[in-house]
Structure formats: structure tokens, C-alpha cells
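For the sequence shown, my numbering assigns the number 23 to the initial residue and increments by one for each residue that follows.
Where a beta carbon is used, it is the ideal one built from N, C-alpha and C, also for glycine.
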Amino acid sequence: MRHALTIFAVEDLGVMRRFYEQACGWPVAVEVPVYVEFALPAGMRFGLYARQGYALQVGGEPERRTPGLPGRTELYLTVAADEFAAALARVRAAGARELSQAAHRDWGDEVAYFADPEGNVLAVARPAPR
């Protein structure tokens, strides 16, 4: 198996589409009334599904996993950036709320954590040399 697609269920598809277009610069590959999918490098894909369409597709609304956390699960999206400072500036300019400043993490990468307009976590990383 290989990872091919990550999808976030969202309340406001238009707001979230604009955010990820501005924050990450990914081109839209698929667009239908309840779903937008971005084409990422290396053949990966990232989708945003309007919550009502998402619930119909998967057979129900997921339960909130952790009281007090904004998302439905403890999942976050990590993007790697060669031009780290520029990527951080781009995410901030798109309107992300900074949760944790860029810092070297125990596993070696330098990572900053942000919340998108609906509270999903977006991590921007500069991978450690391997």
C-alpha cells in the first residue's frame, strides 16, 4: 500500500479552499460542488470535503475525539518546505493562527504549527538532513 490522498471534512469549503491555495500554492485538480482536491508534488493529493457531503460519503458524521480540540480527530497535515522562512510567511499571510513557533523537534526536524480557519492543524517542517 501507499498513501495517496488525505481529506479534511470542512464547514466552509470556499474559505478553506482559498486558505490552502494561498498557504500552500497547490493547484486544484478536482472541483465539484462539495469537494475540492489539490494536486501535490510526487503524485500526492489533498482534498477538502464539505461536511454534509463527507458525512453522506462515509456513512455518518465522525464523533469528536478529544473534548476541547477543534478537529474531529487528532490528525494534522505536515508539509515540508525547502524555503522554510518563505513558507512560514506564506501560511501566516493566508490567515493561519500560529500555535507553536518554529523549533527543532526531538526527531530532528524544525517545525512550526498553525491552525487553519477551521482549527485543523497544519505543520510546516524543514526536514533534518538524513
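In the DSSP secondary-structure assignment, L99 is bridged to L144. By the criterion of a C-beta distance shorter than 8 angstroms, D131 is surrounded in its chain by A147, R148, P149, A150, once the five residues flanking it on both sides are discounted.
Judged by DSSP secondary structure, R39 falls within the alpha helix (DSSP H) whose first and last residues are 35-46. In the DSSP assignment, V50 falls within the beta strand (DSSP E) that extends over 50-54.
The C-beta of V54 has fewer than 16 other C-beta atoms within 10 Å across all chains shown, which makes the residue exposed. Bounds of the alpha helix (DSSP H) holding L110 are 106-115.
Per the C-alpha coordinates, the member of R119, R127, R152 positioned closest to A45 is R119.
Per the Cβ contact rule, the segment 104-124 is not in contact with the segment 58-68 (fewer than 3 Cβ pairs under 8 angstroms). DSSP, read as helix, strand or coil, puts G69 in strand.
Between the C-alpha atoms of G36 and V113 there is a straight-line separation of about 17 angstroms. The beta-carbon distance between L27 and Y98, rounded to whole angstroms, is 16 angstroms. This is too long to meet the 8 angstroms contact definition. Here DSSP, grouped into helix, strand and coil, assigns L121 to strand.
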